[in-house]
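**Student:**
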Amino acid sequence: MNRRVNIFRRGESPPTTARLADVTEELEHASGLDRPIRVLSGAVRRVLRPGPVKDALHGVPVGHPAHPPLTDLPIGLWMSAAVLDLVPGTRRASQVLVAAGLAGAVPTVLTGIADWSALHREQQRVGLVHAAGTATASMLYSASFVARYQGRDAAGRALGFAGLGALVAGAYLGGHLAFRQAAGASHADQLAHLVPLGWHDLCAVEDLPDGWPVSRRLGYIDLFVLRQGEEVHVLADRCSHLAGPLHQGRVLTDDGADTCVVCPWHGSTFRVADGSVVHGPATARQPSFETRVTEEGTLQVRPI
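Under full-length UniProt numbering, think of the first position of the sequence shown as 1, with each following residue one higher.
1. Output the boundary residues of the alpha helix (DSSP H) element that contains L70.
2. Taking a contact to mean a Cβ-Cβ separation below 7 Å, would you say A81 touches V98 in this structure?
3. Is DSSP giving H29 helix, strand or coil here?
4. In the structure shown, what three-state DSSP assignment does E206 receive?
5. Per DSSP, S240 forms a beta bridge with which residues?
6. Using a Cβ-Cβ cut-off of 8 Å (strictly less than) and excluding sequence neighbours within five positions of D210, which residues of its own chain qualify?
7. Which term fits Y149, buried or exposed, when burial requires 16 or more other beta carbons within 10 angstroms of its beta carbon?
8. Count the other C-beta atoms from every protein chain shown that fall within 10 angstroms of the C-beta of Y141, then say buried if there are 16 or more, exposed otherwise.
9. For the beta strand (DSSP E) that R250 lies in, which residues bound it at each end?
10. In the structure shown, what three-state DSSP assignment does D115 receive?
11. Which term fits W212, buried or exposed, when burial requires 16 or more other beta carbons within 10 angstroms of its beta carbon?
12. Given a cut-off of 7 Å on the beta-carbon distance, is the pair Q123 and Q181 in contact?
13. Rank G101, L242 and H279 by C-alpha distance to the C-alpha of L252 and give the top, closest one.
14. For V126 versus L27, is the C-beta spacing smaller than 7 Å?
15. List the whole-angstrom C-beta distance separating V225 from P303, where the pair is believed to meet the contact cut-off of C-beta under 8 Å.
16. Going by the beta-carbon positions, is the gap between L202 and V301 smaller than 7 Å?
17. Could you name the residues of the same chain whose beta carbon sits closer than 7 Å to that of A147, not counting the 5 residues immediately before and after it, in chain order?
18. Closest to A178 by CA distance: which of L164, A66, L84 and D55 is it?
19. Beta-carbon separation of G297 and Q286 under 7 Å?
20. What residues match up with H279 in a beta bridge as DSSP calls it?
21. Are the CB atoms of L70 and T108 within a distance shorter than 7 Å?
22. Is DSSP giving P61 helix, strand or coil here?
23. According to DSSP, simplified to helix, strand and coil, what is P36?
24. Could you give the distance in angstroms between the alpha-carbon of E290 and the alpha-carbon of L218?
25. Rounded to a whole number of angstroms, what is the C-alpha to C-alpha distance between A132 and V62?
26. Going by beta carbon distance, what residues of the same chain come within less than 8 Å of L164, once the five residues before and after it are set aside?
27. In whole angstroms, give me the CA-to-CA distance for D207 and H233.
28. Hey, could you find the ends of the alpha helix (DSSP H) V126 is sitting in?
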């Protein structure tokens with residue numbers, strides 16, 4: 001049984017930050033959120049089919065998730081509006097910043113929904129509450145803009161500060177997703193830290209089935225190995241998206257006649273020749289290995 005040990009003296013309580021982290025971690029186990037998650041994520045997957053639009057929302061063209069940097073737009077603009085709301089004579093500037101923040105929230109929401117639909121369930125639970133917080137902020141800022149436009153400046157400022165509070169709460173949960181739960185980070189094994197330089201014996205080539213991916217172990221890491229006639233391709237086996245086992249995925253040929261592997265968990269697609277991303281949700285290249293076969297028929301690999 002998992003038990004937490006109290007390291008504080010009698011009469012002392014944990015810091016507020018520790019209590020806040022504990023509450024946030026409880027969201028990861030909030031199974032009551034699973035039903036709406038199933039409905040919403042299913043709807044997103046039906047609407048957002050694999051292809052260029054989905055890849056763009058995930059951030060495949062730029063090589064890392066598009067959602068995190070886009071969040072800086074509404075957060076920065078709305079926080080700037082809050083500062084100006086404290087300065088006399090800045091009514092017009094605050095209104096423009098609120099409107100710009102609402103415009104910036106549109107691509108931020110779209111990229112966030114795309115990423116959320118391809119997460120593990122524990123991440124989706126936190127992500128759903130994160131989305132609720134940021135959606136509340138957007139609605140409050142929309143109401144704030146309307147009030148300002150109608151000349152009700154006091155109400156507009158009050159709604160703006162309320163929206164800022166919801167925004168901060170949502171942003172905190174977004175930080176938990178990114179830094180505690182590693183949503184968006186590469187989950188592939190870090191070869192530079194786990195595999196020494198140089199060539200390493202892996203296995204006998206004759207033991208590898210032709211055209212069928214298998215897993216082989218090299219030191220601390222598992223490798224995806226695909227033999228195709230005289231060629232052998234080797235990648236890190238843990239998918240860079242969320243560590244899915246690539247050797248259990250489908251092998252196919254894309255439009256450019258390149259052989260690819262599709263992760264069995266969320267459908268990320270990589271070229272087996274170099275590990276480059278063909279389709280998301282993964283955005284980070286899959287670590288790959290150079291291969292050669294010795295005269296004795298031993299497959300040797302070294303990280304690229």
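Even glycine gets a Cβ: it sits at the ideal position worked out from N, Cα and C. Here the structure is a predicted model, which means the values were calculated and not measured.
**Tutor:** Reading it off the structure:
1. H67 to L70
2. yes
3. Coil, per DSSP.
4. helix
5. In DSSP, S240 forms no bridge with anything.
6. R227, Q228 and G229
7. Flag for Y149 reads exposed.
8. buried
9. Going by DSSP, R250 is part of the beta strand (DSSP E) stretching over R250 to T253.
10. helix
11. W212 should be labelled exposed.
12. yes
13. When the alpha-carbon of L252 is set against those of G101, L242 and H279, the nearest one is in H279.
14. Yes.
15. The Cβ separation is near 14 Å, so there is no contact.
16. yes
17. A155, G156 and L159
18. A66
19. The answer is no: Cβ separation not under 7 Å.
20. T269.
21. yes
22. helix
23. helix
24. 14 Å
25. 27 Å
26. W78, M79, A82 and A137
27. 14 Å
28. R121 to Y149
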